[in-house]
Amino acid sequence: MTDKSETPGDPAAGGHFSNGPQQETSWAVGALERTRGMMRLEMQLLFVLVLLYLVFSAIEPDIFLSVRTVENLARQAGVLLVASVGQMLVLVVGGFDISVGATAGFASTALALLVDDFGLYGAVTAALALGALVGSVNGFVIAYLGVNPFVATLAMLTFLTGLSNELSSGASVPITDRGVSVFGADEWGPLPGTMGVGLVVVFIAYLLLNRVRAGLYIYAIGGARETSRLSGISVALYEVLAYAMCGLFAAAAGVMLASRVTLGQASLGAGLELESIAAAVIGGAAIGGGVGRLLGVAMGVGILTVLTSGLEIVGVSEFARQMVTGVVLVVAVAFNQRRRIGEWAIVKLAKSLLRSSGARVSGS
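Given below as C-alpha coordinates:
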(Lines of atoms letter the chains of each structure in order from A and count residues from 1; the text may use other names and numbers.)
(Lines give C-alpha, C1' and ligand atoms only; values in the text may rest on other atoms or scores of the structure.)
Protein backbone atom coordinates (compact mmCIF):
# COMPACT_ATOMS: atom_id res chain seq x y z
CA MET A 1 0.00 0.00 0.00
CA THR A 2 1.18 3.51 -0.74
CA ASP A 3 1.39 5.98 2.09
CA LYS A 4 -0.52 9.12 1.16
CA SER A 5 0.26 11.60 3.88
CA GLU A 6 -1.89 14.69 3.97
CA THR A 7 -0.28 18.10 4.00
CA PRO A 8 -1.99 21.38 4.73
CA GLY A 9 -2.57 23.78 1.88
CA ASP A 10 -2.29 27.52 1.85
CA PRO A 11 -4.45 28.81 4.70
CA ALA A 12 -5.38 31.95 2.83
CA ALA A 13 -6.85 29.75 0.15
CA GLY A 14 -9.32 28.30 2.56
CA GLY A 15 -7.25 25.68 4.34
CA HIS A 16 -7.62 22.86 1.83
CA PHE A 17 -5.60 19.66 2.21
CA SER A 18 -4.28 17.54 -0.62
CA ASN A 19 -2.70 14.15 -1.08
CA GLY A 20 -1.55 13.96 -4.66
CA PRO A 21 -0.13 16.01 -7.56
CA GLN A 22 -3.52 16.55 -9.16
CA GLN A 23 -5.02 17.81 -5.90
CA GLU A 24 -1.90 19.95 -5.34
CA THR A 25 -2.42 21.57 -8.74
CA SER A 26 -6.13 22.17 -8.16
CA TRP A 27 -5.36 23.62 -4.73
CA ALA A 28 -2.81 25.95 -6.34
CA VAL A 29 -5.45 27.18 -8.78
CA GLY A 30 -7.79 27.88 -5.86
CA ALA A 31 -5.07 29.66 -3.87
CA LEU A 32 -4.08 31.81 -6.83
CA GLU A 33 -7.67 32.78 -7.59
CA ARG A 34 -8.40 33.69 -3.97
CA THR A 35 -5.20 35.73 -3.66
CA ARG A 36 -6.01 37.61 -6.85
CA GLY A 37 -9.55 38.14 -5.59
CA MET A 38 -8.31 39.63 -2.30
CA MET A 39 -5.85 41.90 -4.11
CA ARG A 40 -8.64 43.13 -6.39
CA LEU A 41 -10.83 43.73 -3.35
CA GLU A 42 -8.10 45.72 -1.59
CA MET A 43 -7.64 47.95 -4.65
CA GLN A 44 -11.40 48.53 -4.74
CA LEU A 45 -11.39 49.36 -1.03
CA LEU A 46 -8.55 51.84 -1.53
CA PHE A 47 -10.57 53.52 -4.30
CA VAL A 48 -13.65 53.74 -2.03
CA LEU A 49 -11.55 55.16 0.83
CA VAL A 50 -10.03 57.89 -1.35
CA LEU A 51 -13.42 58.67 -2.91
CA LEU A 52 -15.10 59.04 0.49
CA TYR A 53 -12.36 61.35 1.70
CA LEU A 54 -12.63 63.51 -1.42
CA VAL A 55 -16.44 63.71 -1.15
CA PHE A 56 -16.39 64.86 2.49
CA SER A 57 -13.49 67.21 1.75
CA ALA A 58 -15.57 68.82 -1.00
CA ILE A 59 -18.56 69.21 1.35
CA GLU A 60 -16.58 70.59 4.33
CA PRO A 61 -13.13 71.57 3.01
CA ASP A 62 -12.23 73.87 5.93
CA ILE A 63 -12.83 71.10 8.47
CA PHE A 64 -12.02 67.87 6.66
CA LEU A 65 -8.77 69.04 5.09
CA SER A 66 -7.36 70.42 8.34
CA VAL A 67 -4.38 68.75 10.02
CA ARG A 68 -6.35 68.44 13.26
CA THR A 69 -9.14 66.47 11.55
CA VAL A 70 -6.63 64.11 9.93
CA GLU A 71 -5.00 63.53 13.33
CA ASN A 72 -8.39 62.83 14.94
CA LEU A 73 -9.24 60.37 12.16
CA ALA A 74 -5.95 58.57 12.78
CA ARG A 75 -6.63 58.43 16.55
CA GLN A 76 -10.08 56.94 16.03
CA ALA A 77 -8.82 54.53 13.38
CA GLY A 78 -6.03 53.27 15.67
CA VAL A 79 -8.47 52.06 18.34
CA LEU A 80 -10.80 50.45 15.80
CA LEU A 81 -7.85 48.85 13.99
CA VAL A 82 -6.71 47.07 17.17
CA ALA A 83 -10.20 45.72 17.91
CA SER A 84 -10.81 44.76 14.26
CA VAL A 85 -7.58 42.76 13.97
CA GLY A 86 -8.72 40.68 16.95
CA GLN A 87 -12.17 40.31 15.44
CA MET A 88 -10.61 39.18 12.15
CA LEU A 89 -8.83 36.34 13.93
CA VAL A 90 -12.07 34.87 15.29
CA LEU A 91 -13.84 35.44 11.96
CA VAL A 92 -11.06 33.54 10.18
CA VAL A 93 -11.42 30.62 12.59
CA GLY A 94 -15.15 30.52 11.88
CA GLY A 95 -16.62 32.49 14.79
CA PHE A 96 -17.19 36.06 15.93
CA ASP A 97 -17.09 37.97 19.22
CA ILE A 98 -19.77 40.45 20.27
CA SER A 99 -18.19 40.93 23.70
CA VAL A 100 -15.33 43.04 22.28
CA GLY A 101 -16.80 46.37 23.45
CA ALA A 102 -17.59 45.03 26.93
CA THR A 103 -14.06 43.58 27.18
CA ALA A 104 -12.62 47.00 26.29
CA GLY A 105 -14.79 48.66 28.96
CA PHE A 106 -13.83 46.03 31.53
CA ALA A 107 -10.12 46.48 30.75
CA SER A 108 -10.41 50.26 31.13
CA THR A 109 -12.18 49.83 34.48
CA ALA A 110 -9.56 47.34 35.70
CA LEU A 111 -6.77 49.70 34.65
CA ALA A 112 -8.30 52.62 36.54
CA LEU A 113 -8.91 50.56 39.69
CA LEU A 114 -5.46 48.93 39.77
CA VAL A 115 -3.17 51.79 38.76
CA ASP A 116 -2.75 53.22 42.30
CA ASP A 117 -1.72 49.87 43.79
CA PHE A 118 0.31 48.34 40.95
CA GLY A 119 1.62 51.34 39.04
CA LEU A 120 0.82 52.22 35.45
CA TYR A 121 2.59 49.39 33.65
CA GLY A 122 1.53 46.80 36.22
CA ALA A 123 -2.10 47.89 35.80
CA VAL A 124 -1.83 47.86 31.99
CA THR A 125 -0.32 44.37 32.09
CA ALA A 126 -3.12 43.18 34.37
CA ALA A 127 -5.78 44.72 32.11
CA LEU A 128 -4.32 43.01 29.04
CA ALA A 129 -4.04 39.69 30.88
CA LEU A 130 -7.68 39.95 31.95
CA GLY A 131 -8.66 40.59 28.33
CA ALA A 132 -6.77 37.49 27.20
CA LEU A 133 -8.45 35.52 30.00
CA VAL A 134 -11.89 36.72 28.88
CA GLY A 135 -11.12 35.67 25.31
CA SER A 136 -9.83 32.29 26.49
CA VAL A 137 -13.05 31.66 28.42
CA ASN A 138 -15.06 32.57 25.32
CA GLY A 139 -12.94 30.19 23.24
CA PHE A 140 -13.21 27.36 25.77
CA VAL A 141 -17.00 27.65 26.01
CA ILE A 142 -17.32 27.71 22.21
CA ALA A 143 -14.66 25.15 21.24
CA TYR A 144 -14.88 22.63 24.08
CA LEU A 145 -18.47 23.00 25.29
CA GLY A 146 -19.98 23.51 21.84
CA VAL A 147 -21.89 26.70 22.71
CA ASN A 148 -22.84 28.90 19.74
CA PRO A 149 -20.46 31.92 19.42
CA PHE A 150 -23.37 34.37 19.51
CA VAL A 151 -24.76 32.92 22.74
CA ALA A 152 -21.34 32.55 24.41
CA THR A 153 -20.10 36.05 23.62
CA LEU A 154 -23.49 37.65 24.34
CA ALA A 155 -23.40 36.01 27.79
CA MET A 156 -19.85 37.31 28.28
CA LEU A 157 -20.92 40.81 27.19
CA THR A 158 -23.70 40.78 29.79
CA PHE A 159 -21.43 39.37 32.51
CA LEU A 160 -18.61 41.86 31.90
CA THR A 161 -20.95 44.84 31.78
CA GLY A 162 -22.41 43.83 35.13
CA LEU A 163 -18.98 43.08 36.63
CA SER A 164 -17.48 46.40 35.48
CA ASN A 165 -20.41 48.36 36.90
CA GLU A 166 -20.27 46.39 40.14
CA LEU A 167 -16.55 47.05 40.59
CA SER A 168 -16.90 50.76 39.78
CA SER A 169 -20.26 51.23 41.55
CA GLY A 170 -21.75 52.21 38.20
CA ALA A 171 -19.55 55.29 37.85
CA SER A 172 -16.48 56.24 35.86
CA VAL A 173 -13.16 55.78 37.64
CA PRO A 174 -10.50 58.48 37.10
CA ILE A 175 -6.99 57.34 36.18
CA THR A 176 -4.62 59.21 38.48
CA ASP A 177 -1.39 58.44 36.60
CA ARG A 178 -1.18 60.89 33.69
CA GLY A 179 1.51 58.73 32.10
CA VAL A 180 -1.34 56.64 30.68
CA SER A 181 -1.59 59.20 27.88
CA VAL A 182 1.34 57.44 26.16
CA PHE A 183 -1.08 54.73 25.00
CA GLY A 184 -3.42 57.08 23.16
CA ALA A 185 -3.38 60.79 23.83
CA ASP A 186 0.36 61.35 23.23
CA GLU A 187 2.23 61.32 19.94
CA TRP A 188 4.60 58.56 18.83
CA GLY A 189 6.86 60.69 16.67
CA PRO A 190 4.72 61.78 13.71
CA LEU A 191 1.93 59.34 14.63
CA PRO A 192 -0.87 59.64 17.18
CA GLY A 193 -0.34 57.19 20.05
CA THR A 194 -3.37 55.07 19.17
CA MET A 195 -2.15 54.61 15.60
CA GLY A 196 1.30 53.67 16.91
CA VAL A 197 -0.25 50.98 19.10
CA GLY A 198 -2.40 49.90 16.15
CA LEU A 199 0.64 49.36 13.94
CA VAL A 200 2.34 47.32 16.69
CA VAL A 201 -0.75 45.11 16.94
CA VAL A 202 -0.87 44.66 13.16
CA PHE A 203 2.79 43.61 13.20
CA ILE A 204 2.15 41.07 15.97
CA ALA A 205 -0.85 39.67 14.09
CA TYR A 206 1.20 39.50 10.88
CA LEU A 207 3.86 37.43 12.63
CA LEU A 208 1.22 35.14 14.12
CA LEU A 209 -0.58 34.55 10.82
CA ASN A 210 2.40 34.38 8.48
CA ARG A 211 5.48 33.34 10.42
CA VAL A 212 4.32 30.66 12.85
CA ARG A 213 2.45 27.40 12.31
CA ALA A 214 -0.43 28.52 14.55
CA GLY A 215 -1.45 31.08 11.92
CA LEU A 216 -1.63 28.43 9.21
CA TYR A 217 -3.76 26.26 11.49
CA ILE A 218 -6.14 29.13 12.28
CA TYR A 219 -6.79 29.67 8.56
CA ALA A 220 -7.03 25.94 7.91
CA ILE A 221 -9.57 25.39 10.70
CA GLY A 222 -11.79 28.17 9.37
CA GLY A 223 -11.63 26.85 5.81
CA ALA A 224 -11.85 23.09 6.45
CA ARG A 225 -12.59 22.28 10.08
CA GLU A 226 -13.22 18.54 9.73
CA THR A 227 -10.26 18.01 7.43
CA SER A 228 -8.06 19.90 9.89
CA ARG A 229 -9.25 17.66 12.71
CA LEU A 230 -8.61 14.50 10.69
CA SER A 231 -5.11 15.71 9.86
CA GLY A 232 -4.24 15.85 13.55
CA ILE A 233 -4.63 19.58 14.26
CA SER A 234 -6.00 20.37 17.71
CA VAL A 235 -8.92 22.39 16.37
CA ALA A 236 -10.32 23.41 19.76
CA LEU A 237 -6.93 24.57 21.06
CA TYR A 238 -6.28 26.91 18.13
CA GLU A 239 -9.85 28.18 18.27
CA VAL A 240 -9.25 29.13 21.91
CA LEU A 241 -6.00 30.84 20.85
CA ALA A 242 -7.88 32.96 18.29
CA TYR A 243 -10.43 34.07 20.89
CA ALA A 244 -7.68 34.73 23.46
CA MET A 245 -5.91 37.03 20.98
CA CYS A 246 -9.22 38.76 20.25
CA GLY A 247 -9.73 39.36 23.98
CA LEU A 248 -6.16 40.62 24.35
CA PHE A 249 -6.56 43.11 21.50
CA ALA A 250 -9.99 44.21 22.77
CA ALA A 251 -8.39 44.94 26.15
CA ALA A 252 -5.64 46.89 24.37
CA ALA A 253 -8.35 48.95 22.66
CA GLY A 254 -9.86 49.58 26.10
CA VAL A 255 -6.51 50.80 27.44
CA MET A 256 -6.21 53.13 24.43
CA LEU A 257 -9.70 54.54 24.99
CA ALA A 258 -8.97 55.02 28.70
CA SER A 259 -5.75 56.80 27.78
CA ARG A 260 -7.63 59.35 25.69
CA VAL A 261 -10.16 60.27 28.40
CA THR A 262 -8.06 59.35 31.50
CA LEU A 263 -10.81 57.27 33.07
CA GLY A 264 -12.19 53.76 33.10
CA GLN A 265 -15.84 53.05 32.44
CA ALA A 266 -17.94 49.97 31.65
CA SER A 267 -19.49 51.64 28.60
CA LEU A 268 -16.24 53.03 27.21
CA GLY A 269 -16.10 50.42 24.42
CA ALA A 270 -19.81 50.51 23.60
CA GLY A 271 -20.43 49.90 19.89
CA LEU A 272 -16.92 48.57 19.29
CA GLU A 273 -18.22 45.03 18.71
CA LEU A 274 -20.37 46.00 15.71
CA GLU A 275 -17.80 48.42 14.32
CA SER A 276 -15.00 45.83 14.54
CA ILE A 277 -17.11 43.19 12.78
CA ALA A 278 -18.14 45.71 10.12
CA ALA A 279 -14.55 46.85 9.49
CA ALA A 280 -13.24 43.28 9.25
CA VAL A 281 -16.03 42.18 6.92
CA ILE A 282 -15.68 45.29 4.74
CA GLY A 283 -11.99 44.34 4.51
CA GLY A 284 -12.84 40.89 3.13
CA ALA A 285 -12.95 38.69 6.24
CA ALA A 286 -15.64 36.07 5.68
CA ILE A 287 -18.33 35.25 8.21
CA GLY A 288 -17.99 31.48 8.11
CA GLY A 289 -14.20 31.40 8.28
CA GLY A 290 -11.08 30.71 6.28
CA VAL A 291 -10.63 34.14 4.68
CA GLY A 292 -9.16 37.40 5.95
CA ARG A 293 -6.17 39.66 5.33
CA LEU A 294 -4.71 42.36 7.54
CA LEU A 295 -4.37 44.87 4.69
CA GLY A 296 -8.04 44.46 3.84
CA VAL A 297 -9.02 44.96 7.49
CA ALA A 298 -6.92 48.14 7.64
CA MET A 299 -8.75 49.41 4.54
CA GLY A 300 -12.09 48.51 6.13
CA VAL A 301 -11.14 50.44 9.27
CA GLY A 302 -10.19 53.46 7.16
CA ILE A 303 -13.47 53.40 5.23
CA LEU A 304 -15.63 53.04 8.33
CA THR A 305 -13.71 55.77 10.20
CA VAL A 306 -13.90 58.27 7.34
CA LEU A 307 -17.58 57.46 6.73
CA THR A 308 -18.77 57.80 10.34
CA SER A 309 -16.57 60.83 11.09
CA GLY A 310 -17.56 62.49 7.84
CA LEU A 311 -21.24 62.01 8.60
CA GLU A 312 -20.70 63.48 12.08
CA ILE A 313 -18.91 66.52 10.66
CA VAL A 314 -21.72 67.24 8.18
CA GLY A 315 -24.27 67.07 11.01
CA VAL A 316 -25.73 63.56 10.84
CA SER A 317 -27.00 62.35 14.25
CA GLU A 318 -25.36 59.52 16.19
CA PHE A 319 -28.44 57.33 15.77
CA ALA A 320 -28.41 57.80 12.00
CA ARG A 321 -24.70 56.95 11.94
CA GLN A 322 -25.45 53.71 13.78
CA MET A 323 -28.07 52.93 11.13
CA VAL A 324 -25.51 53.54 8.40
CA THR A 325 -23.02 51.20 10.09
CA GLY A 326 -25.66 48.45 10.20
CA VAL A 327 -26.51 48.91 6.53
CA VAL A 328 -22.82 48.91 5.55
CA LEU A 329 -22.31 45.64 7.45
CA VAL A 330 -25.19 43.91 5.65
CA VAL A 331 -24.00 45.17 2.25
CA ALA A 332 -20.41 44.02 2.99
CA VAL A 333 -21.56 40.54 4.02
CA ALA A 334 -23.74 40.22 0.91
CA PHE A 335 -20.90 41.42 -1.34
CA ASN A 336 -18.41 39.00 0.22
CA GLN A 337 -20.85 36.13 -0.16
CA ARG A 338 -21.33 36.85 -3.87
CA ARG A 339 -17.58 37.20 -4.37
CA ARG A 340 -16.90 33.85 -2.66
CA ILE A 341 -19.55 32.13 -4.78
CA GLY A 342 -17.82 33.48 -7.90
CA GLU A 343 -14.41 32.25 -6.72
CA TRP A 344 -15.88 28.85 -5.82
CA ALA A 345 -17.32 28.51 -9.33
CA ILE A 346 -13.97 29.35 -10.93
CA VAL A 347 -12.10 26.89 -8.70
CA LYS A 348 -14.67 24.16 -9.37
CA LEU A 349 -14.33 24.70 -13.13
CA ALA A 350 -10.52 24.56 -12.87
CA LYS A 351 -10.66 21.32 -10.89
CA SER A 352 -13.07 19.82 -13.40
CA LEU A 353 -10.75 20.72 -16.28
CA LEU A 354 -7.77 19.26 -14.41
CA ARG A 355 -9.64 16.02 -13.76
CA SER A 356 -10.66 15.67 -17.39
CA SER A 357 -7.14 16.42 -18.63
CA GLY A 358 -5.77 13.86 -16.15
CA ALA A 359 -8.24 11.26 -17.43
CA ARG A 360 -7.16 11.90 -21.03
CA VAL A 361 -3.48 11.56 -20.09
CA SER A 362 -4.04 8.26 -18.27
CA GLY A 363 -6.15 6.92 -21.15
CA SER A 364 -3.57 7.71 -23.83
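When we follow the numbering used here, the leftmost residue of the sequence shown carries the number 1, and every step to the right adds one.
All residues carry an ideal CB built from backbone N, CA and C; glycine is no exception.
Report the partner residues of Val173 according to the DSSP bridge assignment. The bridge partners DSSP lists for Val173 are Gly264.
Taking only the alpha-carbon atoms, compute the straight-line gap between Ala236 and Thr308 and give it to the nearest angstrom. Rounded to whole angstroms, Ala236 and Thr308 show a C-alpha spacing of 37 Å.
Can you tell me whether Asp117 is buried or exposed, with buried defined as 16 or more other CB within 10 angstroms of its CB? Exposed: under 16 other Cβ atoms inside 10 Å.
Hey, which unbroken runs of the alpha helix (DSSP H) at 4 residues or more fall wholly within the segment 192-247? With a minimum length of 4 residues, the continuous alpha helix (DSSP H) runs that stay inside the segment 192-247 are 193-211, 213-223, 225-230.
Among the residues of its own chain, which have a CB less than 8 Å from the CB of Tyr206, if the five just before and after it don't count? For Tyr206, same chain residues with a beta-carbon under 8 Å away, outside a window of 5 residues either side, are Leu294 in chain order.
Below 6 Å CB to CB, which residues in the same chain sit around Gln76 once its five sequence neighbours on both sides are set aside? Hits under 6 Å: Thr305.
Cutoff 6 Å; reference Gly247; Cβ partners in own chain excluding five residues on either side: The answer, listed in chain order, is Thr103, Gly131, Ala132, Val134, Gly135.
From the DSSP output, in three-state form, read off Glu368 for me. There is simply no residue 368 to check, as the chain begins at 1 and stops at 364 in what is shown.
Decide if the segment 172-192 is in contact with the segment 217-235; the criterion is three or more beta carbon pairs, one per stretch, under 8 Å apart. By the Cβ criterion, the segment 172-192 is not in contact with the segment 217-235, since fewer than three pairs of Cβ atoms, one from each stretch, lie closer than 8 Å.
Within its chain, find whatever has a CB closer than 8 Å to the CB of Ala320; leave out the 5 residues flanking it on each side and keep chain order. Closer than 8 Å at Cβ, skipping near neighbours: Leu311.
Consider the Cβ of Leu263: report whether some Cβ of chain B lies at a distance smaller than 8 Å. Of the chains in the structure shown, none is chain B; there is only one protein chain.
Closest to Ala448 by C-alpha separation, out of Gly289, Phe335, Ala266, would be which residue? An answer regarding residue 448 cannot be provided, because it is not within the stretch 1 to 364 covered by the chain.
Beta-carbon spacing of Ala250, Ala127 below 8 Å: The Cβ atoms of Ala250 and Ala127 lie no closer than 8 Å to each other.
Relative to the C-alpha of Gly122, which candidate in Val301, Asn138, Gly179, Val240 has its C-alpha closest? Closest option to Gly122, Cα to Cα, is Gly179.
Between which two residues does the alpha helix (DSSP H) harbouring Glu60 extend? Per DSSP, Glu60 is not a residue of any alpha helix (DSSP H), being assigned neither H nor E.
Going by the beta-carbon positions, is the gap between Val255 and Met88 smaller than 8 Å? Result no, Cβ atoms of Val255 and Met88 do not sit closer than 8 Å.
Answer yes or no: the CB of Leu54 versus the heavy atoms of the ligand ADP, is any distance below 7 Å? Of the ligands one can find in the structure shown there are none, so the ligand ADP has no counterpart to examine.
Is it buried or exposed, Gly302, if we count other Cβ atoms within 10 angstroms and call 16 or more buried? Gly302 is buried by the Cβ-count criterion.
Near Leu209, which residues of its chain fall below 6 Å by C-beta distance, leaving aside the five closest residues on each side in sequence? Hits under 6 Å: Gly215.
What is the residue span of the alpha helix (DSSP H) that Ser99 lies within? It is not in any alpha helix (DSSP H) - Ser99 carries neither H nor E in the DSSP assignment.
How about the segment 152-168 and the segment 92-102: do they share at least three Cβ pairs that are nearer than 8 Å? Verdict: yes, contact present.
Report the rounded CA-to-CA distance for Pro61 versus Leu263, giving the unit in angstroms. Approximately 33 Å between the Cα atoms of the pair.
Please tell me whether Gly139 and Ala244 are closer than 8 Å, where the distance is taken between their beta carbons. The Cβ-Cβ distance between Gly139 and Ala244 falls below 8 Å.
Which residue from Gly86, Thr161, Arg211 puts its Cα closest to that of Ala266? Looking at the Cα atoms, Thr161 is the closest of the given residues.
Anticipated Cβ contact below 8 Å, Ile142 with Ala152, distance rounded: Contact annotation, Ile142 with Ala152: C-beta distance approximately 5 Å; criterion of less than 8 Å satisfied.
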